[in-house]
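49 is the number of the first residue of the sequence shown in this note's numbering; add one for each residue after it. We treat Cβ as the ideally placed atom computed from N, Cα and C, and that holds for glycine. Since this is a predicted model, take the numbers as computed values, not measurements. First comes the structure, then the notes that go with it.
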Amino acid sequence: MTRTGATVVMEALARHGVDVMFGYPGGVVLPLYDEMLNWPQVKHVLVRHEQCAAHMADGYARATGKVGVCLGTSGPGATNLVTGIATAMMDSVPMVVLTGQVNTWAIGTDAFQETDIQGITIPITKHNYLVTDVDDLPRVMAEAFYLANTGRKGPVLVDIPKDVFQGKTDVDFPEATQRRGYLLPGPALQEMIDEAAELLNSAERPVVIAGAGVVWSETHKALAELAEKADVPIINSLLGLGSFDRDDPRSLGMMGMHGEAAGTIATQHADLVIGIGMRFDDRLTGKMSGFAPNARKIHFDIDPTEFGKAIPAYCRVLGDLADSLPRFVQAVKPAKHPEWWAEIRRWRESYPLIVPDDGRFLARHVVDSLNRVTKGNAVVSTDVGQHQMWAAQFYKFHQPFNWLSSGGLGTMGYGFPAAMGAQFARPDAEVWCVVGDGGFQMTLQELIVAAEHKLPVKIALINNGFLGMIRQWQEMFYDNRYSHAHMANPDYSKLAEAYGVGFIRVTKQEDMDEAVRQAEAIDGPVLVECVVQMEENVYPMVAAGAANDDLIMDPAVAPREKVKA
């Protein structure tokens, strides 16, 4: 059947189960926007900045495991998507990014709003396309979804000129999709799984570090089975939170730069470290030459380029965790490690995470209240900074796909639009966005979108009048020389009123629980401004470039400045 390129795009979205997409129109994509009117099953959300379209698509994907879709026009529309694309690439988030381009005959002439978005995004996409022939469009759209959501997931960009949107084709979508040179790993080699199992069977002080790969592969049940069968502690990377129930006694939470001390110290004392679906990021390992120096390392991953990139692995298990992890669990022998757990318990008791009850209203109280009132069952999105670390420490996730945060790129402005994407994806879920006053002011214009769609997303705004993490580093490493760390704020009550969203202001710790309950009771978006103490530090902390042995502890917990692991 003959149809336009714009029809092909919408048909592709429908064929791949896309129910919501996020975008902003412009001249060269108007043929596609006109075609959207014929496809009511694919809802389009008009954002107020293209960066937020990318973050919403990212949040949609992280909250569902499905491919998120965003759209921008040529030139500035496309370049405004770049930060969101890079965010998704760093965190292996499946997205299809559609951009408009000037007519094919105008490419290379510096036409109005012409930009080589394909060239710009080569380093930050899993793959990208410039489609110059409408007959190629069915294949390219099928490949884009295939590439985004297989193997190590990631964003794929499709750049489409205006005349390709308008052109006509009778080429069908391919029955099967493949891409020459794109080879997915087969089942993990049994000898590697057996070797890994033998290493665990003979270990006396093992730890498992579970990353986002466990979430995306939906192997959290196998991970829980491994923890019980092998009696092994489970530690999470930042993006692995939710892959293991934080209420499980074998959970040691997050480790690394601002992770819980017990997990970080246990890893430094381990004789075996098993990394599952994680990439040994520098924020987790600290100084890489000092990471778990007496431990053999096993690395499970779907991406062979991760093996040895940061930390040498004694045993490498290549393959999809959906296949390799259950087989590993089956191969492992039941075990108990009472002496190892006794050590870990001592570290837990000596260096706990604390929420002071001394009359001050701290950012930690905000997250602690959220966790308590929601019972750890909400979808939580964060921006980047101190509040992100406190959310990772104090919100006790029980299941995957409930934690949205920019890990690798560390993107301020991510939290609020990502939460909105999650809420569009899961309208019946309780979604909370925890943001600082710095990051929130980068993307707060999307409040009008939340109001327009009556999204019940709730925003816990940490207002401390500072760029908190910048201030903390300037205090600790720059002799208290605060340089441009102070953050002036608007009157958020008037801002909420102007945008038509609910508003609650909290200034006391004892009012926080009730504020959460009040926000939950409002059917629509709510901005909860939490006016907390201005200066508060995140602990524990491993300074950038230092080894994990050099944990800087909370002075309220440990009288010594540093504790050797």
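Limits of the alpha helix (DSSP H) - the one that residue i falls within
i	result
I359	Premise fails: I359 is in no alpha helix (DSSP H) and is neither H nor E.
P209	Note, P209: premise wrong, no alpha helix (DSSP H); beta strand (DSSP E) at P203 to P209.
K542	Y540 to Y547
K269	H268 to A278
V590	Where V590 is concerned, there is no enclosing alpha helix (DSSP H), given that its DSSP letter is neither H nor E.
L300	It is not in any alpha helix (DSSP H) - L300 instead sits in the beta strand (DSSP E) that spans S299 to M302.
Y462	First-last for Y462: undefined, no H or E at that position.
R57	A small correction: the amino acid at residue 57 is Val; Arg does not occupy that position in the sequence shown. Per DSSP, V57 belongs to the alpha helix (DSSP H) from G53 to R63.
Nearest candidate by alpha-carbon position, reference residue i, set the options
i	options	result
A62	Y526, E83 and A595	E83
D279	Q581, L248, H92 and N511	L248
V117	G107, A134 and M143	M143
D296	A275, V56, V321 and T267	A275
S454	H435, E223 and V206	H435
V677	S429, M468 and G433	Lying outside 49 to 613, the shown extent of the chain, residue 677 is not represented and no answer is given.
N176	G338, R227, L85 and A606	R227
N197	L286, Q316, P235 and I350	I350
V598	I552, G307 and V206	Note on identity: in this sequence residue 598 is Asp, with Val being the wrong assignment. The shortest Cα separation from D598 among I552, G307 and V206 belongs to G307.
H268	P374, I359, M189 and R187	P374
D242	E266, V365, D485 and N128	V365
F525	C578, M589, W395 and S417	M589
Q520	V95, E583 and G463	E583
V605	A595, N419 and V586	V586
N537	Y530, P504 and C578	C578
P371	G456, N425, Q238 and G458	Note on residue identity: the sequence assigns Asp, not Pro, to residue 371. D371 has its Cα closest to that of Q238, out of G456, N425, Q238 and G458.
G71	V145, G123, P88 and M49	V145
A310	H92, D184, Q166 and W389	W389
H413	K381, M517, A563 and A224	A563
Burial state of residue i, where buried means 16 or more other Cβ atoms lie within 10 Å
i	result
G325	buried
M58	buried
N528	exposed
G65	exposed
P10	The structure shown has nothing for residue 10, since the chain only spans 49 to 613.
F328	buried
D571	exposed
V68	buried
C363	buried
P281	buried
G301	buried
A533	buried
E545	exposed
P254	buried
R608	Here R608 scores only 48 on pLDDT, less than 50, and its place in the model is too uncertain to base an answer on.
T169	buried
W451	buried
S417	buried
G288	buried
E397	exposed
K345	buried
Sub-9 Å separation of residue i and residue j beta-carbons
i	j	result
V427	V479	yes
G132	A105	yes
H103	P341	no
G304	G334	yes
F449	R110	yes
G125	E98	yes
V574	K506	yes
V76	P209	yes
T315	A358	no
L503	M468	yes
P233	D368	yes
D207	N151	no
H446	V93	no
T135	A473	no
M560	G486	no
Range covered by the beta strand (DSSP E) that runs through residue i
i	result
I322	L320 to I324
F70	V68 to G71
D598	D598 to I600
V93	K91 to L94
M84	M84 -> not in any beta strand (DSSP E); alpha helix (DSSP H) instead, spanning L78 to M84.
G484	V479 to G484
N284	I282 to N284
Inside the segment 175 to 261 only - beta strand (DSSP E) runs reaching at least 3 residues: 175 to 178, 203 to 209 and 254 to 258
Report the residue ranges of all beta strand (DSSP E) runs contained in full by the segment 416 to 448; include only those spanning at least 3 residues, in chain order. 427 to 430
Taking the runs of the alpha helix (DSSP H) that are 4 residues or longer, which of them lie wholly in the segment 118 to 171? Within the segment 118 to 171, the complete alpha helix (DSSP H) segments of 4 residues or longer fall at 124 to 127, 130 to 138 and 165 to 169, listed in chain order.
Run through the segment 500 to 588 for me and flag every whole beta strand (DSSP E) of 3 or more residues, listed as ranges in chain order. Qualifying beta strand (DSSP E) stretches, in chain order: 506 to 511, 550 to 554 and 574 to 579.
Complete runs of the beta strand (DSSP E) confined to the segment 328 to 403 [at least 3 residues]: 344 to 349 and 363 to 366
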